[in-house]
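105 is the number that this note's numbering gives to position 16 of the sequence shown; each next residue is one higher, with no gaps.
For glycine and all other residues, C-beta sits at the position ideal for the given N, C-alpha and C.
What follows is a single structure, written as C-alpha coordinates, with notes after it.
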Amino acid sequence: MVEARGGQAWLAWLGVSAAVVAADQLSKWALIAWLRPGDEHVVTGFFSLVLTFNTGAAFSFLRDAGDWARYFFSAVAIAAACLIVWLLRRGGDAWYCAGLALILGGALGNLWDRLTLGRVVDFLLFHWERWYYPAFNVADSAITVGAALLILDSLRRRRDGPAAVH
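As C-alpha coordinates, this is what we get:
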(Lines of atoms letter the chains of each structure in order from A and count residues from 1; the text may use other names and numbers.)
(Lines give C-alpha, C1' and ligand atoms only; values in the text may rest on other atoms or scores of the structure.)
Protein backbone atom coordinates (compact mmCIF):
# COMPACT_ATOMS: atom_id res chain seq x y z
CA MET A 1 0.00 0.00 0.00
CA VAL A 2 1.33 3.43 -0.96
CA GLU A 3 1.22 5.77 1.99
CA ALA A 4 0.91 9.52 1.75
CA ARG A 5 2.07 10.16 5.29
CA GLY A 6 4.56 12.20 7.09
CA GLY A 7 6.33 15.38 6.27
CA GLN A 8 4.75 17.59 3.71
CA ALA A 9 3.13 14.89 1.50
CA TRP A 10 -0.25 16.50 2.00
CA LEU A 11 1.00 19.60 0.19
CA ALA A 12 1.43 17.54 -2.98
CA TRP A 13 -2.25 16.58 -2.72
CA LEU A 14 -3.13 20.26 -2.41
CA GLY A 15 -1.23 20.68 -5.68
CA VAL A 16 -3.58 18.15 -7.28
CA SER A 17 -6.52 20.16 -5.94
CA ALA A 18 -5.02 23.38 -7.33
CA ALA A 19 -4.61 21.73 -10.75
CA VAL A 20 -8.29 20.76 -10.71
CA VAL A 21 -9.30 24.33 -9.83
CA ALA A 22 -7.07 25.69 -12.60
CA ALA A 23 -8.43 23.26 -15.23
CA ASP A 24 -11.99 23.97 -14.11
CA GLN A 25 -11.65 27.74 -14.19
CA LEU A 26 -9.72 27.80 -17.49
CA SER A 27 -12.32 25.60 -19.18
CA LYS A 28 -15.16 27.77 -17.86
CA TRP A 29 -13.37 30.94 -18.96
CA ALA A 30 -12.89 29.50 -22.46
CA LEU A 31 -16.53 28.47 -22.79
CA ILE A 32 -17.80 31.84 -21.53
CA ALA A 33 -15.58 33.58 -24.10
CA TRP A 34 -16.74 31.27 -26.90
CA LEU A 35 -20.46 30.62 -26.33
CA ARG A 36 -23.44 32.68 -25.29
CA PRO A 37 -25.91 31.32 -22.71
CA GLY A 38 -28.14 28.76 -24.39
CA ASP A 39 -25.80 28.16 -27.34
CA GLU A 40 -25.01 24.55 -28.20
CA HIS A 41 -21.97 23.29 -30.09
CA VAL A 42 -22.58 19.68 -31.13
CA VAL A 43 -19.38 17.63 -30.85
CA THR A 44 -20.80 14.14 -31.47
CA GLY A 45 -24.23 12.57 -31.71
CA PHE A 46 -24.25 12.18 -27.94
CA PHE A 47 -22.11 15.06 -26.64
CA SER A 48 -22.39 18.84 -26.91
CA LEU A 49 -20.79 21.89 -25.39
CA VAL A 50 -23.30 24.36 -23.99
CA LEU A 51 -23.15 27.40 -21.76
CA THR A 52 -25.54 27.25 -18.86
CA PHE A 53 -25.57 28.59 -15.33
CA ASN A 54 -26.75 26.72 -12.24
CA THR A 55 -27.77 28.65 -9.13
CA GLY A 56 -28.56 25.42 -7.28
CA ALA A 57 -26.56 22.34 -6.39
CA ALA A 58 -26.20 19.03 -8.23
CA PHE A 59 -28.88 18.49 -10.87
CA SER A 60 -30.06 22.09 -10.23
CA PHE A 61 -31.35 21.17 -6.77
CA LEU A 62 -32.78 24.35 -5.15
CA ARG A 63 -31.99 26.44 -8.24
CA ASP A 64 -35.00 28.68 -7.62
CA ALA A 65 -34.46 29.01 -3.86
CA GLY A 66 -32.98 32.51 -3.99
CA ASP A 67 -29.80 33.99 -2.53
CA TRP A 68 -29.94 31.97 0.70
CA ALA A 69 -29.13 28.80 -1.32
CA ARG A 70 -26.03 30.46 -2.81
CA TYR A 71 -24.74 31.30 0.67
CA PHE A 72 -25.75 27.93 2.07
CA PHE A 73 -23.94 25.98 -0.68
CA SER A 74 -20.93 28.27 -0.31
CA ALA A 75 -20.81 27.64 3.45
CA VAL A 76 -21.09 23.88 2.89
CA ALA A 77 -18.21 24.02 0.37
CA ILE A 78 -16.03 26.01 2.79
CA ALA A 79 -16.76 23.59 5.65
CA ALA A 80 -16.09 20.59 3.40
CA ALA A 81 -12.81 22.15 2.19
CA CYS A 82 -11.64 22.68 5.77
CA LEU A 83 -12.50 19.08 6.68
CA ILE A 84 -10.77 17.71 3.58
CA VAL A 85 -7.57 19.69 4.24
CA TRP A 86 -7.57 18.34 7.80
CA LEU A 87 -8.04 14.78 6.50
CA LEU A 88 -5.25 15.24 3.95
CA ARG A 89 -2.90 16.43 6.69
CA ARG A 90 -3.66 13.21 8.61
CA GLY A 91 -2.58 11.20 5.56
CA GLY A 92 -3.64 7.89 4.13
CA ASP A 93 -3.02 5.75 1.10
CA ALA A 94 -2.86 7.16 -2.41
CA TRP A 95 -6.44 6.26 -3.43
CA TYR A 96 -7.85 7.94 -0.35
CA CYS A 97 -5.77 11.09 -0.67
CA ALA A 98 -6.34 11.33 -4.43
CA GLY A 99 -10.09 11.06 -3.86
CA LEU A 100 -10.00 13.79 -1.23
CA ALA A 101 -7.81 16.02 -3.40
CA LEU A 102 -10.15 15.71 -6.40
CA ILE A 103 -13.21 16.47 -4.28
CA LEU A 104 -11.44 19.47 -2.74
CA GLY A 105 -10.46 20.87 -6.13
CA GLY A 106 -13.97 20.40 -7.49
CA ALA A 107 -15.59 21.99 -4.45
CA LEU A 108 -13.26 24.99 -4.64
CA GLY A 109 -13.80 25.39 -8.40
CA ASN A 110 -17.56 25.57 -7.99
CA LEU A 111 -17.21 27.71 -4.86
CA TRP A 112 -15.23 30.27 -6.87
CA ASP A 113 -18.11 30.49 -9.34
CA ARG A 114 -20.67 30.97 -6.57
CA LEU A 115 -18.61 33.71 -4.91
CA THR A 116 -17.69 35.60 -8.09
CA LEU A 117 -20.65 34.96 -10.42
CA GLY A 118 -23.42 33.98 -8.01
CA ARG A 119 -23.93 30.75 -9.96
CA VAL A 120 -21.97 27.78 -11.28
CA VAL A 121 -20.95 27.56 -14.94
CA ASP A 122 -21.83 24.22 -16.59
CA PHE A 123 -20.98 23.25 -20.15
CA LEU A 124 -20.60 19.49 -20.69
CA LEU A 125 -23.83 17.99 -22.00
CA PHE A 126 -24.36 14.29 -22.77
CA HIS A 127 -27.53 13.28 -24.59
CA TRP A 128 -29.11 10.51 -26.59
CA GLU A 129 -32.11 11.08 -28.82
CA ARG A 130 -34.56 12.90 -26.47
CA TRP A 131 -32.70 12.07 -23.23
CA TYR A 132 -30.40 14.72 -21.76
CA TYR A 133 -28.13 14.34 -18.74
CA PRO A 134 -27.90 17.62 -16.79
CA ALA A 135 -24.98 19.78 -17.94
CA PHE A 136 -21.92 19.70 -15.70
CA ASN A 137 -18.31 20.92 -15.59
CA VAL A 138 -14.73 19.87 -14.81
CA ALA A 139 -15.23 20.51 -11.07
CA ASP A 140 -18.29 18.24 -11.00
CA SER A 141 -16.31 15.56 -12.84
CA ALA A 142 -13.46 15.78 -10.30
CA ILE A 143 -15.93 15.48 -7.41
CA THR A 144 -17.50 12.40 -9.02
CA VAL A 145 -14.16 10.69 -9.71
CA GLY A 146 -12.95 11.59 -6.21
CA ALA A 147 -16.06 10.09 -4.61
CA ALA A 148 -15.61 6.94 -6.71
CA LEU A 149 -11.99 6.66 -5.51
CA LEU A 150 -13.11 6.97 -1.88
CA ILE A 151 -15.73 4.26 -2.40
CA LEU A 152 -13.24 1.96 -4.13
CA ASP A 153 -10.70 2.64 -1.39
CA SER A 154 -13.21 1.71 1.30
CA LEU A 155 -14.11 -1.51 -0.55
CA ARG A 156 -10.44 -2.34 -0.97
CA ARG A 157 -9.84 -1.85 2.73
CA ARG A 158 -12.81 -4.02 3.64
CA ARG A 159 -11.50 -6.81 1.38
CA ASP A 160 -7.99 -6.50 2.82
CA GLY A 161 -9.21 -6.60 6.41
CA PRO A 162 -9.99 -4.03 9.05
CA ALA A 163 -8.53 -0.57 8.57
CA ALA A 164 -5.76 0.45 10.90
CA VAL A 165 -6.63 3.06 13.50
CA HIS A 166 -4.51 6.18 13.10
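Pick from the options that is closest to residue i, judged by C-alpha positions
{"i": "Gly-188", "options": "Val-174, Leu-200, Ala-224, Trp-201", "result": "Val-174"}
{"i": "Phe-212", "options": "Ala-101, Ser-137, Leu-191, Ser-163", "result": "Ser-137"}
{"i": "Asp-202", "options": "Val-105, Ser-116, Leu-100, Asp-182", "result": "Ser-116"}
{"i": "Gly-134", "options": "His-216, Asp-128, Pro-223", "result": "His-216"}
{"i": "Pro-126", "options": "Ala-224, Asp-229, Phe-162", "result": "Ala-224"}
{"i": "Ser-243", "options": "Tyr-222, Leu-214, Cys-186", "result": "Cys-186"}
{"i": "Val-110", "options": "Ile-121, Leu-239, Asp-229, Ile-240", "result": "Asp-229"}
{"i": "Asp-113", "options": "Val-210, Tyr-221, Arg-246", "result": "Val-210"}
{"i": "Leu-241", "options": "Ala-183, Leu-206, Ser-163, Ala-122", "result": "Ala-183"}
{"i": "Ile-121", "options": "Tyr-222, Leu-238, Leu-206", "result": "Leu-206"}
{"i": "Glu-129", "options": "Arg-246, Tyr-221, Leu-238", "result": "Tyr-221"}
Backbone secondary structure at residue i - three-state DSSP
{"i": "Val-131", "result": "strand"}
{"i": "Leu-124", "result": "coil"}
{"i": "Thr-205", "result": "helix"}
{"i": "Met-90", "result": "No answer about Met-90 holds up, because its pLDDT of 37 lies below 50 and its placement is not dependable."}
{"i": "Tyr-221", "result": "strand"}
Residue j beta carbon less than 8 Å from that of residue i
{"i": "Leu-191", "j": "Val-234", "result": "yes"}
{"i": "Leu-177", "j": "Leu-103", "result": "yes"}
{"i": "Ala-119", "j": "Gly-194", "result": "no"}
{"i": "Arg-208", "j": "Asn-143", "result": "yes"}
{"i": "Leu-124", "j": "Leu-100", "result": "no"}
{"i": "Ala-170", "j": "Leu-197", "result": "yes"}
{"i": "Ala-236", "j": "Gly-180", "result": "no"}
Integer-rounded CB distance, given that residue j should sit under 8 Å from residue i
{"i": "Ile-232", "j": "Leu-200", "result": "Contact flag wrong, Cβ pair sits at about 12 Å."}
Range covered by the beta strand (DSSP E) that runs through residue i
{"i": "Ala-143", "result": "The amino acid at residue 143 is misidentified as Ala; the sequence shows Asn. First-last of the beta strand (DSSP E) with Asn-143: 136-143."}
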